[in-house]
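Accompanying notes for the structure given below.
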Amino acid sequence: MGTLEIGLLYLGVTLILLFSGMPIAFALGASALGFMYFFMPAMNLELLAETLYGELDNFTLLTIPLFIIMGAAIGKTRAAVDLYESAYRWMHKMPGSLGVANVIGCTVFAALCGSSPATCAAIGGMGIPEMRKRGYSDALSTGLIAAGGTLGILIPPSITLIIYGLITEQSIGKLFLAGVIPGLLLALLFAAYVVYSATRQIRRADAAVAAGETDAVIAPMAETYSWRERLEVLPRLLPFVILIVVIMYAMYGGLGTPSEIAGIGAFGAMLLVALVYKCYRWMDVRAIFLGAAKESCMIMMIIAMAFLFTYVMSYLRITQSAAEWMAALEMSKWAYLFWVNVLLLVLGCFLPPVAIILMVTPMILPGIIANGFDPIWFGIVLTINMELGLITPPVGLNLFVIKGISPETRNSEILRGVIPFILIMIGFIALLAVFPEIVTWLPNKIGS
Amino acid sequence: APKVIKISHQFPGGDGPEADFRHRLAVKFAQEVEKRTNGELKFQIYPSASLVKPTGQFSAMQTGALDMTVLPLAYEGGKIPETNLGLMPALVTSYEQGLRWKTAPIGKALSDVVEGKGVKIITWVWQAGGVASKEKAIVEPSDAKGIKIRGGSKDMDLMLKGAGGSITNIPSSEIYNAMQTGVLDAAVTSSTSLLSFRLYEVAKHVTTARKNTFWFMFEPLLMAKSTYDSLTPAQQKIVTEVGADLEKFAMEESKKDDVRLGEVYAKNGAQASDMDDAAFAKWRELAKQTSWKNFAEKVKNGQQLLDMAQAVK
Amino acid sequence: MNKLIQVFGGGLRCFNRWMAIIAAMLIVIAAVALVYEVITRYYVKIANDWMIEFCVYLLIAATFLAAAYTQAERGHVGIEVLDEVMSPKWNRIRLMIGDALSAVVVFVVAHNAWHYSWDAYQQGWTTSSTWAPPLWIPYFLMAFGLSTTGLQMIVQILETLAVRGAHEKPQNLTGA
Ligand code: NA
Ligand code: NA
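Written as structure tokens, this is what we have:
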């Protein structure tokens, strides 16, 4: 069999295993072991443990469980509610203010947490019922939280950017910096859409009222708050502002490497959560520990098994042939970028970000660089694609979270809700392609 | 059908005279052997650790999963302590002296140890290195006092610790950022890496290997013994000859990088210093009291091996 | 027989849960160690040349010790498009085949890791740093963690066989 045939067979077997519903980590592992057994010299099976150890023997990977435990600790407190409550009190009178407060909540939480589903769960747990109580449609409230949650992997810290940095040997510090402006800008676009959508809903409701259909339509309502009420929520935010500032300072002020910063963040978060939120009883701590252990193990196992999977691809020269084939395609750089994005979008429908990045980046990155794109910039584009994958059916981790928070909302409503945000994100990728400075300006500025 | 030999290494690929010479060494070897064996042996080269991670390469050769690699031998120091000689500070004094190991008793001893573990040395390659630093040039041991420095290997760390340096272990991919942000004040590594990491953008000083250096790394082209044994005697002869022929190429390219290091750093506004004999002597004295001493104590026949290495003129 | 599975499965779950808690504690220890490192580097200037390897060992321990608990909680995500399409009976069969294949994967890797762990112990392998901790530790953790994960999978297969009709819905709320 030639490389092409083996490559296709490998792809086919892997897809079957993945779609069989097996855990992604073990599906990748099974496929890799099978091909090692049938197509590679037997000694490769004798090296399994060493191969895995060699891949996991990586100081930077430690950032992943650390950032996860940080997010888990903060997620366990009422910090998310505080975040969003104070944002709301300062937003009043604007149409869609509650929705905007939710976007702000997601944005701030994203700066404290490296994963998207965690961001989604933390803000949505409170945000979705509140929005619905005040007349937001099911679609808008769930779509908004699903999309807002994805900011978790774009705004640093980000597990996705860590993995990308690891396998492309790009500086994680630089990648984190590169995510800041696009993250804030995307949050702004989400907020703008909420204001637009709420305004439209209010206008429709007004028209309905004028037509005499008083009981048919509910529109987003907003309350007003006095200055006193606005000021009194601020102290509750202080701990998190301090934590974010400490992390930012440590990262860009040169206190440590990414792993060290993650260590400081995790330690600081545990401390804050214990001192400020009095979360030190064994049952609370145990819940944080179990949640973090599970999430981090799930991701680390995918990473470990994906390493075996890509080792086989590389040994059988599937990666190299695919990369050569892609780099040699007779297409313009924009066409290449377009098809790469389409590929990522399709994969994103089914696979979680970690698996996609590990499996696909070695194949597409040579072509990206050959076409003159900046790998840091591409890391951000890739991450936005991964964000999209989190809210596209049939497999979207954020969609599952939403379903968990709001089980009575029909799937079709959630999907209707996320579509506008999907379009915004696709448009945003196009914007970054036209103005790459949105990504590269900050890392270059701090880098010189 | 031709026999396919897989070469894996951790250095960047690419062709042209600017590309990493360690990759070009692998390519040259492959082309020449393929030509001389009339295509009986074919090669697949995996640069940038795209097949096996740097630390896994040696055992991959031991089991036969990998045929060849270009590898800093001291990576195996935890399993084969003798290989630490390949990155022992101030032990090798020049490229020429290092190459003479090959025919001296020390070379035989090292080859025997490695071969006993199932791997053959095909091309003897030494590579010099230097120090990039931010505040001041690190030329003498006293310059390292209180400096946050990355030695990059066990024995370098021991010596720098002895000089009063604050050893900071970070992955090589983070060196640039660490120096930029001040996590690191100085980094010690090969001239080639000091160039490819673009540290001249963040460092103000560099100490080159143009005159002397305490940093010589043994980075041979290796072949799995099982692969070597599976070749015909004629093929074995070609492999050995081509491997030996490339030693001169490797030395010249490595020296070029030492010179280029000074030039590129100077061009980017950093100050390039050289290490005079007196400074080198101080480092050597320090190394004897720290890393050499530790090696002699911890490794069986350690002192004997050090003596053999020093006996090479 | 069912009773036996119940008791053994219950005991294993409890054990795995404790392993997961220990795993998380190890991560907290890593965090504390890193804070200590940064402080000592800046204010006391102590060389911490053992830190990286210490933390990597903690990472490996945390990953493999939590694997069985994560399996017990069905926390290893999968693509569940067939869940809605197939009948409960076929879903159960599919789940069992998936568990069996997963068990083969973890046992094969675990077997190899036990081997390495023994070799590393016998031959006194260490890492190549100044600190030079023994190499059998990470291999042992890998072997142990994957073995308990495989055991957990077998228990889950037996449970699926025993509790016919009740379809265990995999959980899917984590991930990045
Ligand atoms: Na984040
Ligand atoms: Na998706």
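Same order as they appear, the protein sequences are chains A, B and C. Under my numbering, the first residue of the first sequence carries the number 19, and numbering increases by one thereafter. Under my numbering, the first residue of the second sequence carries the number 182, and numbering increases by one thereafter. Under my numbering, the first residue of the third sequence carries the number 874, and numbering increases by one thereafter. The beta carbon of each residue, even a glycine, is placed where N, CA and C say it ideally should be.
In terms of side-chain proximity, the C-beta atom of Leu-408(A) is found nearer than 7 Å to a non-hydrogen atom of ligand 2. When Cβ-Cβ separations below 8 Å define contact, Glu-431(A) makes no contact with chain C. Of the heavy atoms belonging to ligand 1, none sits nearer than 7 Å to the Cβ of Pro-438(A). Judged by the Cβ position, Gly-132(A) qualifies as a neighbour of ligand 1 at the 7 Å threshold, a heavy atom of the ligand being closer than this.
For Ser-292(B), the uninterrupted alpha helix (DSSP H) segment begins and ends at 286-297. In this structure Val-126(A) does not touch Ala-209(A) by the C-beta definition: roughly 13 Å separates them, more than the 8 Å allowed.
Closer than 8 Å to the CB of Thr-1003(C) there is at least one CB belonging to chain B. Between ligand 1 and Pro-174(A), a heavy atom-to-CB distance of less than 7 Å is present. Residue-level contact check: Gly-195(B) does not touch chain C, since none of the beta carbons of chain C fall below 8 Å from its beta carbon. For Ser-975(C), the chain A residues whose C-beta falls within less than 9 Å of its own C-beta are Met-40, Pro-41, Ala-43, Phe-44, Ala-45, Gly-47 and Ala-48, listed in chain order. Annotated three-state conformation of Tyr-243(A) is coil, per DSSP.
Inclusion of Val-413(A) in the 7 Å shell around ligand 2 follows from its C-beta lying nearer than that to a non-hydrogen atom of the ligand. By the C-beta criterion, the stretch 306-321 of chain B is judged to be in contact with the stretch 382-399 of chain B, since at least 3 inter-stretch pairs fall below 8 Å. Three or more beta-carbon pairs drawn from the stretch 173-184 of chain A and the stretch 401-417 of chain A are found closer than 8 Å, and the two stretches are therefore classed as touching. Neighbours of Pro-380(A) in chain B, taken as residues whose beta carbon is under 8 Å from its own, are Ser-231 in chain order. The beta carbon of Tyr-276(B) sits no closer than 8 Å to any beta carbon of chain C. The beta carbon of Ala-318(B) sits no closer than 8 Å to any beta carbon of chain A. Here Val-251(B) carries a strand assignment [DSSP, helix/strand/coil].
Rounded to whole angstroms, the separation of the alpha carbons of Glu-321(B) and Asp-100(A) is 56 Å. Around the C-beta of Ala-43(A), 16 or more other C-beta atoms lie within 10 Å, and the residue is accordingly described as buried. Within chain B, the residues Asn-350 have their CB atoms less than 8 Å from the CB of Met-924(C), given in chain order. Look at the beta carbons and you see the stretch 1001-1012 of chain C not touching the stretch 964-972 of chain C: under three pairs across the two are nearer than 8 Å. Take the alpha-carbon of Ala-325(B) and the one of Glu-434(B): they are about 29 Å apart. Interface with chain C (8 Å Cβ-Cβ cutoff): Asp-324(B) is excluded. Note on geometry: alpha-carbon atoms of Thr-274(B) and Asn-393(B) lie some 7 Å from one another. Leu-252(B) is positioned such that its CB atom lies no closer than 8 Å to that of His-204(B). Within the model, the alpha-carbon separation for Leu-261(A) versus Tyr-909(C) is close to 18 Å.
Beyond the five residues adjoining it in sequence on each side, Ala-287(A) comes within less than 6 Å, by CB distance, of Met-88, Ala-91 and Ile-92 in the same chain, given in chain order.
Distances from the alpha-carbon of Ala-157(A) to those of Gly-445(A), Pro-438(A) and Asn-462(A) put Pro-438(A) closest. In this structure, the C-beta of Gly-311(B) stays at least 7 Å away from each heavy atom of ligand 2. Per DSSP, the unbroken alpha helix (DSSP H) holding Tyr-333(A) starts and ends at 300-333.
Any Cβ of chain C closer than 8 Å to the Cβ of Ala-229(A) would place that residue at the interface, and such an atom is absent. At the C-beta level, Trp-998(C) and Gly-259(B) come within 8 Å of one another.
The beta carbon of Gly-343(B) sits closer than 6 Å to the beta carbons of Leu-467 and Thr-471 from its chain, once the five residues preceding and following it are set aside; these are given in chain order. Using a 10 angstroms sphere on the CB of Asn-482(B), the tally of other CB atoms stays under 16, which defines it as exposed. According to the DSSP assignment, Thr-178(A) belongs to the alpha helix (DSSP H) that extends over 177-186.
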